[in-house]
Amino acid sequence: MQKASSWLLAGVLGAAATTSQAATLEERMAAFEARASAAEKRAAAAEQQTQALARE
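Residue numbers (mature numbering (1 follows the signal peptide of the UniProt record, and there is no 0)): -22 to -1, 1 to 34.
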């Protein structure tokens, strides 16, 4: 019985660690998407500036 309890505890701890890693991955993906979005906005602004300079 004690061995079964140990296995159950190990399973719960393993599941908690997996959930924690998944949350960390989601946070990292969200940060990556935010950086990509900011880079796209900078690229669009640079393109607009280039077009404005070309019209002058």
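Just so it is clear, CB atoms sit at the ideal spot from N, CA and C, and this is done for glycine as well.
It should be emphasised that the depicted structure is a prediction, and the values quoted were computed from it without experimental measurement.
Could you pull out every residue in the same chain whose Cβ sits closer than 8 Å to the Cβ of residue i, ignoring the five residues on either side in sequence?
i: alanine 14; result: none
By Cβ distance below 6 Å, which residues in the same chain neighbour residue i in space, the five residues on each side in sequence not counted?
i: alanine 16; result: none
i: arginine 33; result: none
Apart from the five residues just before and just after residue i, which ones in its own chain have a Cβ nearer than 7 Å to its Cβ?
i: threonine 28; result: none
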